[in-house]
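Data block below; observations after.
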Amino acid sequence: AQSVTQLGSHVSVSEGALVLLRCNYSSSVPPYLFWYVQYPNQGLQLLLKYTTGATLVKGINGFEAEFKKSETSFHLTKPSAHMSDAAEYFCAVSNPNTGNQFYFGTGTSLTVIP
Amino acid sequence: ETGVTQSPTHLIKTRGQQVTLRCSSQSGHNTVSWYQQALGQGPQFIFQYYREEENGRGNFPPRFSGLQFPNYSSELNVNALELDDSALYLCASSTRQAPIDSPLHFGNGTRLTVT
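These protein sequence lines are chains A and B, in that order. For the first sequence, the numbering used here gives the first residue as 63, with consecutive numbering after it. For the second sequence, the numbering used here gives the first residue as 16, with consecutive numbering after it.
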């Protein structure tokens, strides 16, 4: 079975501070991992993805994530938060067995304090 | 490049009614997936359509049904609406039947409220 756990439903950081959003996954086979961002009243936008290869993945808007198989984690980071980063962030997992189904976490709401 | 568009943006229905939500895929995409996002939750997979056939279904009852048309646009139909059906319904298109590493491209969703 596949699942995603996002620790911390709400995270607050000061503008310019490090952003760290946590994601742990459960997958019976090597996973494909994704981070999406959702702004109010909008759909989800892909930030980055990991499928194979390099475990440190860089995405849009300065975000990156590292796949750590031993920890079953795929945490999202950004060195310096910007006010425009305030949004809801979702981690998702799929794999060749789930094929067409993505499993999403419950989301982390990021607040950036000026 | 035209993105995924959904209509309507908002909808209010009464319990027991039926509703149809519509989605136009992103240009070049032949696969459409539908997700339900309840308030404060992550999206939940409803089903996917590829070449006008249902290609995978999540844990949703049969009163949730869909269609895909030759131009790859899609409809989500929900019969006998229940209060718990109130949610944001997201359509996502992709380029493969089984988007193993092909990310989903989402529309802005339809907010359905059942009273």
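Backbone N, C-alpha and C fix where the C-beta goes; we use that ideal spot for every residue, glycine too.
Secondary structure of Leu118 of chain A, DSSP reduced to three states: In the structure shown, Leu118 of chain A sits in a strand (DSSP, three-state: E or B).
Members of the region 63 to 86 of chain A near chain B, C-beta cut-off 9 Å: Under the 9 Å Cβ criterion, the region 63 to 86 of chain A contributes Val66, Gln68 and Ser71.
Residues near Ser171 of chain A by beta carbon distance below 6 Å, same chain, minus five either side: His72 and Glu150.
Neighbour list for Gln83 of chain B in chain A, Cβ cutoff strictly below 9 Å: What Gln83 of chain B touches in chain A: nothing, since even the nearest Cβ is about 13 Å away.
Proximity winner among A:Asn157, A:Thr134, A:Phe164 and A:Ser135, relative to Trp49 of chain B (alpha-carbon distances): It is A:Phe164.
Separation of Thr128 of chain B from Asn86 of chain A, as counted between CA atoms: So the two alpha carbons sit approximately 32 Å from each other.
8 Å Cβ cutoff, Lys130 of chain A in contact with chain B: It does not; no Cβ of chain B falls within 8 Å.
Any 3 or more C-beta pairs closer than 8 Å across the region 35 to 53 of chain B and the region 97 to 107 of chain B: Verdict: yes, contact present.
Cβ of Asn123 of chain A within 8 Å of any chain B Cβ: So no, Asn123 of chain A is outside the interface.
Pairwise C-alpha distance: Lys28 of chain B and His120 of chain B: Looking at the two C-alpha atoms, the distance is approximately 27 Å.
Exposure label - Pro102 of chain A; buried when at least 16 CB within 10 Å: Pro102 of chain A is exposed by the Cβ-count criterion.
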